[in-house]
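Data block below; observations after.
Number of protein chains: 2
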Amino acid sequence: MHIEKMEELFRQWLQEKNFLAVKKEMSRLPVQDVAEILNHLDAKNSLLAFRLLPKDGAAEVFSYLSDKIRVAFSQMIEEDELKSLVEDLFFDDKIDFLEEMPANVVKKILQTTPESERRLINQFLNYPEDSAGSIMTIEFVDLKADMTVAQALTHIRYTAPKKETIYTCYVIDQERHLLGVVSLKDLVVADPDTRIEDLMDKQVIAVKTHDDREFVSSLFKKYDLLSMPVVDQENRLVGIITIDDVMDVLEAENTEDIQRMGGISPTEESYISQSPFTMAKNRLFWLMALMISATFTGRIIQKFEDFLQNMVILAAFIPMLMDTGGNAGSQSSTMVIRGLALGEIKTRDVFRVVAKEFMVSVIVGLSLAGLNFLRLVVIEQVSTTISLVVSLTLVVTVIMAKIVGGLLPLLAKMVKIDPAIMASPLITTIVDAMALVVYFYIAGLFIKI
Amino acid sequence: MHIEKMEELFRQWLQEKNFLAVKKEMSRLPVQDVAEILNHLDAKNSLLAFRLLPKDGAAEVFSYLSDKIRVAFSQMIEEDELKSLVEDLFFDDKIDFLEEMPANVVKKILQTTPESERRLINQFLNYPEDSAGSIMTIEFVDLKADMTVAQALTHIRYTAPKKETIYTCYVIDQERHLLGVVSLKDLVVADPDTRIEDLMDKQVIAVKTHDDREFVSSLFKKYDLLSMPVVDQENRLVGIITIDDVMDVLEAENTEDIQRMGGISPTEESYISQSPFTMAKNRLFWLMALMISATFTGRIIQKFEDFLQNMVILAAFIPMLMDTGGNAGSQSSTMVIRGLALGEIKTRDVFRVVAKEFMVSVIVGLSLAGLNFLRLVVIEQVSTTISLVVSLTLVVTVIMAKIVGGLLPLLAKMVKIDPAIMASPLITTIVDAMALVVYFYIAGLFIKI
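If you read the sequences in order, they're chains B and F.
In case it helps, this note's numbering puts the first sequence at residues 457 to 905.
In case it helps, this note's numbering puts the second sequence at residues 457 to 905.
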C-alpha cells in the first residue's frame with residue numbers, strides 16, 4: 457500500500473482511538489516506513505503512535521525520525537522517558553540526536569549519564585562537522601590476536617546484539633592499537649582452531665578521526681567496503697564507520713555539489729522544511745555577487761553605445777550570443793567539476809582538459825556557426841555582413857567559453873576552492889562579458905560607420 | 457605511497473625485468489590499487505604485470521580493470537587464457553565484461569560455455585540497461601525453510617567461497633519462490649536447533665528484474681540494506697543486488713542528473729576516455745536547441761528596435777537583467793530537481809513549492825532591486841526614472857523566474873520527463889525572454905518617446 461494511504465489510515469485510527477490497529481500495523485511494517493508515517497503526522501498523534509511501539513522497536517524507529525518531530529517529542533515527554541529512550545539508541549544515533557537538540561535538553565540528558573560515557577559523548581560531539589569522527593560509531597566487534605576462531609565466534613555470538621555490524625571484526629592489542637581486520641565470512645569458513653593473527657588481514661584501510669568524510673566515502677567506493685576503522689594519531693582504534701552512513705554522506709556531498717553548481721549556499725535541510733527566509737538567505741549572496749558582476753557586462757554595452765545606436769540590429773543577437781556562450785561554458789565546467797568530484801580528472805590533467813575542450817569547441821563552434829549563418833541568410837534574410845559577424849562571434853565565443861569552463865574548476869581545485877563554485881552561474885557571467893567584447897570588436901572590423 | 461609514484465616504479469621494474477619486485481608489490485597492495493596501476497600502464501606492460509598475478513587474484517583484479525585495458529587484453533591473449541579468466545569471474549562481473557566486448561569475442565567465449573550457463577548469460581545480457589536485472593548477480597546463498605540453523609551454517613561454510621555475499625541469505629521453496637530472508641548475524645546468534653522458517657523475516661523487500669535501478673538504490677538507502685533479492689513475475693528468486701554495485705549506481709545516477717542539468721546528453725564514459733567527437737555530439741543537441749530558442753529572445757529586442765534606438769541606454773541593463781533572472785530561476789530549479797531526485801519533494805507538493813518560491817522570490821527580488829536602485833542612483837548617477845524601470849523589472853523578473861524555475865521540474869515529473877532537463881540552460885533561455893518583455897513593457901509605461 458502507498459505510504460500516503462497508510463498515513464491517512466493512521467490518522468483515522470488514532471482519532472477513533474483504535475490503538476490495536478495502529479499497534480498491529482506498526483509491527484507489520486519495516487521501522488523505516490513506521491518512521492516515515494510518524495514524520496508526517498502532527499506531533500501529538502505522532503507521539504501517541506510512538507508510545508504504542510514495543511520498547512525494543514522504539515529506539516530503532518526513533519533513529520529514523522526527522523529532526524523536527526524529534527525536537528517536538530523531546531519537548532512533550534518527561535525527562536525520564538527521554539533519557540531511557542536515548543539510552544537505547546546506537547551510539548552514533550545518540551550523537552546525531554544530541555547534536556540537534558537544544559542545549560538545555562542535552563544538559564538534562566548528560567546530567568545522569570555515567571562519567572565515562574559522558575566524556576566519550578563530549579569527545580564525539582566535538583569532532584568537526586564533515587569529519588570521519590562525526591559519522592563513526594563505537595559499537596564494533598574487537599578481537600584479540602591470540603584468540604582462536606572458535607573463541608572469536610563465541611565472543612561475537614555473545615556481543616552481536618549490541619553491535620552495529622559484526623561482518624567485519626577488528627583485531628587490537630592491549631593498548632587498542634589496530635593490528636588487522638577479519639571478516640565474519642573468513643571466520644565462518646576457517647578451521648575453528650586457527651588463530652586470529654594467522655587469519656587476519658594486516659593491510660587495513662583506515663582513516664583518522666579528522667579526515668574528511670568525502671575522502672571516507674571515496675575509499676568505500678574504491679575498495680567495496682562494508683565498514684571502515686577510524687584510528688587516532690597513535691593508530692589506536694576509536695570507532696568504525698558503516699556503509700549505511702556512507703550512503704547518506706555520498707548523497708549529502710552530491711547535494712552540496714549540485715547546490716553549489718546552482719549558485720546556492722549548500723544546506724542539508726530538505727526543501728520542504730526550510731523557511732522562506734533561510735532559503736532567501738542561501739540564495740541572496742550569489743545573486744547579488746553575480747548581479748554586480750553582470751553590471752560590468754553592461755558597461756561594455758555602454759562603451760559601444762554610439763556604435764549600437766547606429767546599428768541597433770546588432771542588439772537583437774546579444775541574447776543568443778550570451779546564452780549560447782554561457783551554455784557552452786557551463787557544459788564544460790559541469791563535466792570537469794563532476795570529473796574532479798569522482799576522481800576521474802586530477803589537477804595534473806590540466807593541459808589534457810584544455811586540449812580536449814579546444815578540440816570539442818572547434819567542432820561545436822563551427823557546427824553552430826554554420827547552422828546559424830544559414831538560418832540568418834536564408835530564413836531571416838539578414839545581410840551577409842551581419843550574419844558573418846554574428847557567426848564568427850559565435851565560433852570565438854564558444855571556443856573561449858569552453859576553455860574557460862574547463863579551466864576554472866581546475867584552477868579552483870589547485871588553490872583549494874571547491875570547483876563546484878565554477879559552475880553555470882559564474883561561468884555565464886564571465887563568458888557574457890567576453891562574448892560582448894568579441895562581438896563589438898568583430899563588428900567594428902566588418903562594419904564601418 | 458602515492459599511486460602515481462607506484463606506477464613509475466612498476467614501469468621501471470618491468471623495463472628492468474625485475475618481475476620479482478612487481479610480484480611482491482602486487483601481493484602487498486589491495487586488488488583495487490593493483491588494477492588502478494595496471495589501468496595506467498600501456499597495454500603490453502599491463503598484460504605483463506597481470507600475468508604475474510596468482511590465478512586466484514587475477515580474476516579479482518580483472519574485474520576492477522577499465523574497459524579500455526580489458527578490450528586490449530582480450531585482443532592480445534589466446535582464446536584459452538581468456539576463457540579460463542572469464543570462468544573465474546563472479547557472475548555479475550562476467551556479464552559486465554561480456555557486455556562491453558566486441559561481438560566476436562563474446563561469441564568465442566560463449567561457444568564452449570555449457571548450454572545451461574550460456575542460456576543464463578544470454579538472459580542476463582538481455583535485461584534492459586538501467587534495470588535491476590542488469591546489475592544483479594546469481595552468487596547468493598539460498599536456504600530451505602525446513603533446515604535447522606546448524607544445517608544452514610554448514611551449508612554456508614561449504615558454499616561461501618563462491619558467493620558474493622553470505623551476510624544475507626535467502627529462503628526459497630522447491631520452485632524457487634522467495635519465502636524470506638535471514639541474516640548471518642541472526643544465524644550466528646540463534647540456537648543451532650532453531651528452524652530457518654521460525655527465524656527468517658517473511659517481510660522481504662524485493663524488486664522485479666525490470667524495475668529501474670534508481671528505484672533499487674532508493675530502497676537500499678531507505679532500508680539500510682546490504683543486499684536485495686530480485687524476483688521474476690511469479691516471485692521466483694532470480695538474483696540479488698549487492699551494495700557495492702548500488703554505490704556505483706548511485707554515483708552514476710547523480711552524474712547523469714548533473715550532466716542533464718548542465719545541458720549535456722548523459723554518458724557513463726569518463727571525461728578522460730571520451731573522444732572529442734563523442735563529446736561534441738553529446739553537447740551539440742542542447743546547444744543547437746537552445747541557440748534556436750534564444751533567437752526568439754532576439755525577436756523581442758527586434759520588436760522594440762525603434763524604442764531601443766531612442767533609449768539606447770536601456771540596452772546596457774539587458775545583460776544584468778537576463779543574468780540575474782537566469783540565475784534566480786536556476787537556483788529554484790536546482791533545488792526542486794534535487795528534492796525530487798531525493799524523494800523529498802513529491803509532485804503533489806506543487807502548490808507548496810510555488811507558494812514557497814513566491815515568498816522567497818519576493819524577499820530576494822526586493823533586496824536585489826533595492827540594492828540595485830541605490831547603486832544606480834548614487835554610484836552610477838543614472839536618472840531616477842531609468843533606475844526605477846530597471847529595479848522594477850528586476851523584482852518582476854526574479855519572481856517570475858523563481859516560480860517558473862520551481863514549477864517546470866515538477867511539471868516535467870508529472871508528464872514523466874526527467875526533471876533534470878528543466879535546469880539552468882533551459883530555464884535561462886525561458887527567463888531571458890520573459891525578462892525582456894517585462895523590461896520593455898515597464899519601460900514603455902514610464903518613458904514616453
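Just so you know, even glycine gets a beta-carbon here, dropped at the ideal spot from N, CA and C.
Coil, strand or helix - residue i by DSSP
i        : result
B:Thr665 : coil
F:Met744 : helix
B:Pro875 : helix
F:His496 : helix
F:Pro584 : coil
B:Leu599 : strand
F:Met776 : helix
F:Tyr679 : helix
B:Thr593 : strand
B:Leu693 : strand
B:Ser639 : strand
F:Arg574 : helix
B:Met462 : helix
B:Val648 : Checking the sequence, you will find Pro at residue 648 of chain B rather than Val. Note: B:Pro648 maps to coil in three-state DSSP.
B:Met684 : strand
F:Leu796 : helix
B:Leu634 : strand
Sub-8 Å separation of residue i and residue j beta-carbons
i        : j        : result
B:Leu777 : B:Thr841 : no
B:Gly754 : F:Thr790 : no
F:Ile533 : F:Ser502 : no
F:Ala797 : F:Asp713 : yes
F:Phe475 : F:Leu494 : no
B:Arg669 : B:Ile591 : yes
F:Phe547 : F:Thr610 : no
F:Ala601 : F:Val627 : yes
B:Val705 : B:Ser673 : yes
B:Leu541 : B:Ala515 : yes
B:Glu595 : B:Glu556 : no
F:Leu746 : F:Thr885 : yes
F:Met872 : F:Thr803 : First, the residue type needs correcting, since residue 872 of chain F is Lys and not Met in the sequence shown. Contact flag unset, no.
B:Val809 : B:Gly862 : yes
F:Asn738 : F:Ser749 : no
Unbroken alpha helix (DSSP H) run spanning residue i, endpoints
i        : result
F:Val702 : Ile699 to Met717
B:Gly826 : Val806 to Leu830
F:Lys450 : Because chain F is modelled from 457 through 905, residue 450 of chain F falls outside the range shown and cannot be assessed.
B:Asn895 : The question names Asn, but residue 895 of chain B in the sequence shown is Tyr. Looking at the DSSP string, the run of the alpha helix (DSSP H) that includes B:Tyr895 is Ser880 to Phe902.
F:Ser721 : No alpha helix (DSSP H) contains F:Ser721, which DSSP labels as neither H nor E.
B:Leu844 : Thr840 to Met870
F:Thr610 : Val605 to Thr615
F:Gln765 : Glu761 to Asn766
F:Asp548 : Phe547 to Glu556
B:Arg526 : Asp523 to Met532
F:Val660 : Counting along the chain, F:Val660 falls outside any alpha helix (DSSP H), and DSSP gives it neither H nor E.
F:Ser729 : Element bounds for F:Ser729: n/a, residue is neither H nor E.
Start and end residues, beta strand (DSSP E) containing residue i
i        : result
F:Ile801 : Note, F:Ile801: premise wrong, no beta strand (DSSP E); not H, not E.
F:Ile628 : Thr624 to Ile628
Rounded C-alpha distance that separates residue i from residue j
i        : j        : result
F:Leu682 : B:Asp700 : 8 Å
F:Tyr727 : B:Leu538 : 51 Å
F:Leu635 : B:Val820 : 56 Å
B:Ser572 : F:Glu472 : 58 Å
F:Leu882 : F:Pro875 : 11 Å
B:Glu631 : B:Cys625 : 17 Å
B:Leu892 : B:Ile898 : 10 Å
B:Arg574 : B:Met744 : 45 Å
B:Val597 : B:Ile612 : 7 Å
F:Ser582 : F:Tyr679 : One point to set straight first is that residue 582 of chain F is Asn, not Ser, in the sequence displayed. F:Asn582 and F:Tyr679: Cα-Cα distance of roughly 29 Å.
B:Val478 : F:Lys658 : 20 Å
Neighbour flag for residue i against chain D, beta carbons, 8 Å
i        : result
F:Thr885 : Judged by its chain identifiers, the structure shown contains no chain D, and its protein chains are B and F.
Review point. So does the segment 778-790 of chain B actually touch the segment 457-471 of chain F, counting three or more Cβ pairs closer than 8 Å?
Key: no
Check your understanding: Can at least three beta-carbon pairs, one atom from the segment 806-814 of chain B and one from the segment 851-866 of chain B, be found at a separation below 8 Å?
Key -> yes
**Study point:** Contact between the segment 758-774 of chain F and the segment 688-695 of chain B (3+ Cβ pairs under 8 Å)
**Key:** no
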